[in-house]
Amino acid sequence: MFYVQSLSDYVKIITIDNTIRTRETITNLEEKLNKNFIRIHRSYVVPLNKITSYTNEFIEINKKALPISRSYKESVLQKLAQV
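Per this note's numbering, residue 10 is the first one in the sequence shown, and the count goes up by one each step.
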């Protein structure tokens, strides 16, 4: 899995081979995932091991830049500094 994107009452799970849409909220899905995933934005959850680079504003996964929101920025940067 590359990342999870929220689409209101649905989530889009982006994988290597395809995209899966399911009727689930990102909050419920985040609770089911383990500690190897991190919420970076109200619309994105990403696996730590797929992050190729990051700045204060973006995380890059598979050459795609995903935004880090202001509300998650501090916790994201702390977690990434530990990895």
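Every residue, glycine too, gets a C-beta built ideally from N, C-alpha and C.
- DSSP, reduced to helix, strand and coil, places Glu69 within a strand of the structure shown.
- Of all alpha-carbon atoms in Asn27, Glu83, Leu38, the one lying nearest the alpha-carbon of Val20 is that of Leu38.
- Taking Arg48 as the centre and dropping the five residues before and after it, the same chain places the C-beta of Glu39, Val54, Tyr81 closer than 7 angstroms to its C-beta, in chain order.
- The shortest C-alpha to C-alpha distance from Lys72 to any of Ser78, Tyr63, Arg79 is the one to Tyr63.
- By the criterion of a C-beta distance shorter than 8 angstroms, His50 is surrounded in its chain by Leu75, Pro76, Ile77, Ser78, Tyr81, once the five residues flanking it on both sides are discounted.
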